[in-house]
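A.B. asks: Just remember that the working numbering sits 4 ahead of the position in the sequence shown, which is counted from 1.
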Amino acid sequence: MIPLPLVTPDDKRPANAGFAQVMLNNLTGQRSLHATRFFDAGDIICTFGAGSVQTEASYLTVQTDIDRHITLQPEFLQYINHSCGPNVFFNTTSFELEALKAIQPGDELMFFYPSTEWNMAQPFECYCGSSQCLQQIRGAAHLTDDELRPYKLTDFIRHQLQKRKQ
Ligand SMILES: [Zn+2]
């Protein structure tokens with residue numbers, strides 16, 4: 005028997021919009037989104053919108069204001085996982101997904117959850133393996149200004165940090 009590679013394209017979720025592919029980890033069942041083309045730092049990968057708008061956060065939503073959480077459209081963007089060393093950024097002012105660094109075909113797209121999330125509904129222990137891993141991911145409200153300094157943050161999060169200082 006030929007063993008299945010650990011991470012394979014998700015058959016039920018084919019390549020999307022010509023720039024990304026949902027992959028399935030056959031061991032954990034976890035999905036991830038991988039680039040299928042090259043992006044340079046600063047490139048706009050795609051625009052996104054709100055599938056639905058909710059007042060409470062869930063594991064599927066991205067925060068755009070204190071009581072506004074959107075599900076992502078296109079939906080496959082929900083498979084962009086967290087990393088403390090992100091390569092993409094959800095700009096919730098322009099509604100553009102931005103490349104933070106050069107991304108090669110095959111690279112997993114990852115964003116820093118506290119760059120959009122102030123106080124997360126479902127905090128988790130991070131094992132991203134990044135040298136700058138913060139370990140506990142609970143939202144920007146739980147991080148110091150120093151911890152957040154290396155990251156690009158949404159206008160909403162920056163506004164919250166300004167308010168926190170006062
Ligand atoms: Zn981490």
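Using N, Cα and C, we set each Cβ at its ideal position, and we do this for glycine too.
How close, in whole Å, do the beta carbons of Gln25 and Thr40 come, if the pair is a contact with beta carbons under 8 angstroms?
C.D. replies: About 5 angstroms; that satisfies the 8 angstroms criterion.
A.B. asks: Return the chain-ordered list of same chain residues with a C-beta closer than 8 angstroms to the C-beta of Tyr117, the five sequence neighbours on each side being excluded.
C.D. replies: The answer, listed in chain order, is His86, Met124, Ile141 and Gly143.
A.B. asks: Report yes or no: do three or more beta-carbon pairs, one from the segment 154 to 165 and one from the segment 118 to 138, lie closer than 8 angstroms?
C.D. replies: Contact between the segment 154 to 165 and the segment 118 to 138 is present, because at least three Cβ pairs lie under 8 angstroms.
A.B. asks: Whole angstroms are fine: how far does the CA of Phe42 sit from the CA of Cys88?
C.D. replies: One C-alpha to the other measures close to 21 angstroms.
A.B. asks: Is any heavy atom in ligand 1 found nearer than 6 angstroms to the beta carbon of Ser36?
C.D. replies: Because no heavy atom of ligand 1 lies under 6 angstroms away, the Cβ of Ser36 does not count as near it: no.
A.B. asks: Assuming contact is defined by CB atoms lying nearer than 7 angstroms, are Gly110 and His163 in contact in what I supplied?
C.D. replies: For Gly110 and His163, no; Cβs fall outside 7 angstroms.
A.B. asks: Ordered along the chain, which non-local residues of its own chain (more than five positions away) have a Cβ less than 8 angstroms from that of Ala145?
C.D. replies: Counting only Cβ-Cβ distances below 8 angstroms, and skipping sequence neighbours, we find Trp122, Asn123, Gln164 and Arg168.
A.B. asks: To test your reading of the DSSP string, which unbroken beta strand (DSSP E) runs of 3 or more residues are found completely within the segment 65 to 138?
C.D. replies: Within the segment 65 to 138, the complete beta strand (DSSP E) runs of at least 3 residues are 65 to 69, 72 to 77, 92 to 95 and 100 to 103.
A.B. asks: I think Phe93 touches Gly53, with their Cβ atoms under 8 angstroms apart; what is that distance to the nearest whole Å?
C.D. replies: About 16 angstroms; that fails the 8 angstroms criterion.
A.B. asks: Can you tell me which of the three DSSP states Leu37 falls into?
C.D. replies: Leu37: strand per DSSP, three-state reduction.
A.B. asks: Round the Cβ separation of Leu76 and Gln82 to the nearest angstrom and send it over; I've been treating them as touching at under 8 angstroms.
C.D. replies: Right, the Cβ-Cβ distance comes to about 5 angstroms (below 8 angstroms), so this counts as a contact.
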